[in-house]
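Visitor:
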Amino acid sequence: MDYFKSGLKTVLGTPVVEDQPSGADIVERLVERVQNSTLLTDRRDACRALKALTRKYRVEVGAKGMDALCLVLQQDRADAEIASYALGTLGLIMHDKLYEEEEIPAVTAKDSDKLGERFTEIFIKKKENVGLVLDYLEEFDFHVRWPALQLLLQLLTNKAKDVQEMILVSPMGVSKLIDMLSDSREVIRNNSVLLLTLLTKSNANIQKILAFENAFDRLFYVIQEEGNADGGIVVQDCLNLMLTLLRNNISTQNFFKEGNFISRILPLLQLPLIDEWPIQRINNVHSVLQIIRTLVSPTNPAQATSSCQQAMYTSGILKALCDLLVATGVPRNPLTEAIYTVAELIRGHNDNQSFLESVKSNENPPKDILLLLLYTMLSDKQPFDMRCAVLYVFQCYLYRNDFGKMKIIQKLLPLEKEVTETCISNLLCRGLFNKEPLNCWFSAVALSYALIDNPEGKEKLLNVKLSSSDNEPPTLLQQIVISIQTNDRAQFKIGYLMLLSTWFAHCSLAVESFLKINSGIPYFITQTNRLENEEIEEIVSGLSTFVMGICLAFNPDTVENFKKDSLRHLINKRIGVETFVDKLNDVSRNESYTRASKHPQPTAQDSNSLLLDYEFCKLFKMLEGMIMRALNTLPGQDDSEKLVTNQKQIEELNITVDCLKNELSEKTNRIEELCRLANDFRDDTDRIKTELFRLQENHMSLIQAYQMKENELESYRRLLEMHGIWQNENSAANQQQEPMVSATVIAGGLPPSQQQQQPYVEGTTTHQQTLEESFRNDLNV
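The number in our numbering is simply the position in the sequence shown, starting from 1, with 9 added.
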């Protein structure tokens, strides 16, 4: 034919015009070859050609060839090459991005960016398809396992939730994926880490299975092989997978702690000192710190957090982090994250709080680490996020630390002998009246932490006087009230008002001292009645209202002009109950309040948005209702005479309360013990469920293997029957009656001389022996 075409070109001088087949036609012909060709080589060549065309004609290959490729995976598993082509082609079809050379038909152009997702949806409609891909992961051949892994990655990327459920119910599905972490080929091992990260995302059941299948141990082994924190991107991927397994999953966290994996974190924090950290080391260290914070997060159950904090202290992780804080050359991001991590390691844990207090710097003379951190918080030159992190450390250091709180208050009290050495208390007092608003805000909030649940400290703080050239130096309270009135910046006022609110709450003596300041209440009434034009001014006005409400609720009725009834009447007359309530509601409706009340860690993005504090929001929420009730109480209902009348009842109730407290303490201890037992039983139950699930998977796989062997035996039995070798029960009985059968009969009655010359044909002894040997070999396989 080509000869005639060339002849026409020569005679006519012009090329012969013929219709070129379109891409869809070519794909259709190749798919037909895959489906209908009887020769394996033809099907293999067609699959190879389809793979080559997929990048350009993905829509056509996916629409017409997906079923044919799945059929190849089912029927031609014995041939690694054709399986590799089929898996690779399916992976290209499911790709979540467009190829540069891809031709998109006009019909699908609108949703071309979702082609991979749509093909994935079609592929997983048949659940057995996902099982097929998982089966191919068992093949050690790189050219089979690698495309199967890539295909599964694409399926999880496009339809994670659906594929997760299919893998979860597939026999030994998760176990097959975990086994790939032990693959000696790095490219498969590294990509299996990415695959497991996608697989475990937002699926607690799969996370538990991976944890109980010893995934942590395998990941730490890979991290160690890659060089710990100084390793490459693989270390970061392994750490991210660990983080996914641990985050918001108490079962995996308990397994991590009980398996002594916390101690294996330490080598990742023992870093050689260098002047400039590589980017990958920064990322790796950040991931390690995220894992530690996940284990000791304040949102975890208190008992679990405390046990992890103790394990971090015992294993030396807290010390390693403190060494990192005082080391030189640590970049800003990991240093800030390390400060946050140390904060949560010491939060509410007295041993860890005492350890941090004892840590000294490497300077000469050495300084307390807490003092150095406060210098950082009050320095304008330091990054804003680092200053917030130091405030969080101070909050966690004083959280349930009565000794630390009183130590700070005691250092502020006047002493007979003047002390020149700088301490934390002096730094906070200086910052409280600093000209920079952020320093004032940080100092006011930090000092308020020392007053939380500290009634003795609140009363002693009233005796603090500031050094002044005047004969009568002002008290700390008087100076704060003066500063509120003289400073126009809203951030100054908000910091002072939060400090006063914490100070006055549940402390009638502090309220009395404030009411004795003549300019105090009139100024706050003026602030409440201001018409606000900005959101930040609403907060100032609302906090002024809140302080007046606290003075009303905890009023000792000892200041003549501002007794409860008088103050209530003044509020009704000068402000109005509705306005007063609206001002309080303005605070709780503010975005800053909503953001600050979610987590103890400061979350402001910049200094201008740092307005309210987490602990203050807790106080506001607790006292808001009490202030409303005090405001709506009728005059005379809280007279001192009525209080005296009820004093005896109160004393009796106090005795009863003490008895109940003792009983409650005993029951609390019992409950804690039962909770520990319940946690142990829950963990045991999870392990047993996982083991049961694993055994069920093994059982299913054994049943499938048994059925396959049964089918093989049945096929061999039929083959032997067909050749007259297999004997049924009747023929066996006959054979018992006639045990001696001559070789001549078996060979078709030929004499021995002719039997030796008999060619190899069916029914001969040679043929029988060959079949028997083949049968034995197949059985052995």
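Quick reminder that beta carbons are idealized off the backbone N, C-alpha and C, glycines included. Predicted model only: the values in this text are computed from it and were never measured.
Decide yes or no for the touch test of the region 602 to 610 against the region 479 to 495: beta carbon pairs closer than 8 Å, at least 3 of them.
Guide: no
Visitor: So, do the region 281 to 294 and the region 261 to 271 have three or more beta carbon pairs nearer to each other than 8 Å?
Guide: no
Visitor: Which two residues bound the contiguous alpha helix (DSSP H) that contains Pro531?
Guide: 529 to 537
Visitor: Quick check on DSSP: helix, strand or coil for Thr308?
Guide: coil
Visitor: Straight-line CA distance for Leu304 to Gly504?
Guide: 32 Å
Visitor: Under the criterion of a Cβ to heavy atom distance below 8 Å, does Val142 qualify as lining the ligand NAP?
Guide: The ligand NAP is not among the ligands present in this structure, which contains no ligands whatsoever.
Visitor: Measuring straight from C-alpha to C-alpha, what distance separates Leu729 and Glu723?
Guide: A straight line joining the alpha-carbon of Leu729 with that of Glu723 spans about 10 Å.
Visitor: Starting from the Cα of Asn472, find the closest Cα among Cys331, Val586, Leu383, Pro423 and give me that residue.
Guide: Pro423
Visitor: Going by DSSP in three states, Asp377 sits in which element: helix, strand or coil?
Guide: strand
Visitor: Can you tell me whether Gly240 is buried or exposed? The criterion is at least 16 other CB atoms within 10 Å of its CB, across all chains shown.
Guide: It counts as buried.
Visitor: Among Ile291, Ala169, Leu686, which residue has its Cα nearest to the Cα of Asp105?
Guide: Residue Ala169 is the option with its Cα nearest to Asp105.
Visitor: Please state whether the Cβ-Cβ distance between Phe393 and Cys449 is less than 9 Å.
Guide: no
Visitor: Could you check how far apart the C-beta atoms of Phe132 and Met75 are, in whole angstroms? I think they sit under 8 Å.
Guide: Confirmed, about 7 Å.
Visitor: Measuring alpha carbon to alpha carbon, tell me which of Asn373, Asn199, Ala220, Cys432 ends up nearest Glu234.
Guide: Asn199
Visitor: According to the neighbour-count rule (16 or more other Cβ atoms, all chains shown, within 10 Å of its Cβ), is Asp595 buried or exposed?
Guide: The Cβ neighbour count for Asp595, taken over all protein chains shown within 10 Å, is at least 16; the residue is labelled buried.
Visitor: Would you say Gly97 and Lys134 are within 9 Å of each other, going by their C-beta atoms?
Guide: no
Visitor: By a C-beta neighbour count over all protein chains shown, 10 Å radius and 16 as the cutoff for buried, is Gln29 buried or exposed?
Guide: Its Cβ having fewer than 16 others within 10 Å, Gln29 is exposed.
Visitor: For Thr567, which residues in the same chain have their Cβ closer than 7 Å to its Cβ, ignoring the five residues on either side in sequence?
Guide: Contacts found: Glu521.
Visitor: Between Arg5 and Glu110, which are expected to be in contact by the criterion C-beta below 8 Å, what is the C-beta distance as a whole number of angstroms?
Guide: Since the displayed the chain opens at 10 and closes at 790, residue 5 lies outside it and no answer follows.
Visitor: To the nearest angstrom, report how far apart Gln767 and Thr47 are at their CA atoms.
Guide: Any reading at Gln767 must be qualified, since the residue scores a pLDDT of 42, below 50, and its modelled position is unreliable; no value is offered.
Visitor: Got a sec, what are the start and stop residues for the alpha helix (DSSP H) Phe501 sits in?
Guide: 499 to 513
Visitor: So is Asp622 buried or exposed if we call it buried at 16+ other beta carbons inside 10 Å?
Guide: buried
Visitor: Helix, strand or coil, according to DSSP, for Lys369 in the structure here?
Guide: strand
Visitor: Please check the pair Ile636 and Ala562, which I expect to be a contact at CB under 8 Å, by giving their CB distance rounded to whole angstroms.
Guide: Their Cβ separation, rounded to whole angstroms, is 5 Å, which keeps Ile636 and Ala562 in contact under 8 Å.
Visitor: In the DSSP assignment, the alpha helix (DSSP H) including Val568 goes from what residue to what residue?
Guide: Premise fails: Val568 is in no alpha helix (DSSP H) and is neither H nor E.
Visitor: Does the structure place the region 245 to 265 close enough to the region 213 to 232 that three or more beta carbon pairs sit under 8 Å?
Guide: yes
Visitor: Output yes or no for whether 9 Å exceeds the beta carbon distance between Glu706 and Ser315.
Guide: no
Visitor: Using CA coordinates, which residue listed in Ser452, Lys444, Lys210 is at the minimum distance from Ser434?
Guide: Taking only the C-alpha atoms, the option nearest Ser434 is Ser452.
Visitor: Taking the alpha-carbon positions, what's the Phe702 to Ile176 distance?
Guide: 13 Å
Visitor: Classify Ser296: buried if its beta carbon has 16 or more other beta carbons within 10 angstroms, exposed otherwise.
Guide: Ser296 should be labelled buried.
Visitor: Kindly indicate which residue of Val231, Leu552, Lys572 has the alpha-carbon position closest to the one of Lys592.
Guide: Leu552
Visitor: Count the other CB atoms within 10 Å of the CB of Phe412; is the residue buried (16 or more) or exposed (fewer)?
Guide: Within 10 angstroms of the beta-carbon of Phe412 lie fewer than 16 other beta-carbons, which makes it exposed.
Visitor: Under 9 Å, do Thr815 and Leu379 count as touching if we go by C-beta distance?
Guide: Since the displayed the chain opens at 10 and closes at 790, residue 815 lies outside it and no answer follows.
Visitor: So is Phe690 buried or exposed if we call it buried at 16+ other beta carbons inside 10 Å?
Guide: By the C-beta density criterion, Phe690 is exposed, having fewer than 16 other C-beta atoms within 10 angstroms.
Visitor: Would you report the Cα separation of Gly125 and Thr323, rounded to the nearest angstrom?
Guide: 50 Å
Visitor: So, using beta-carbon positions, are Gln319 and Asp360 closer together than 9 Å?
Guide: yes
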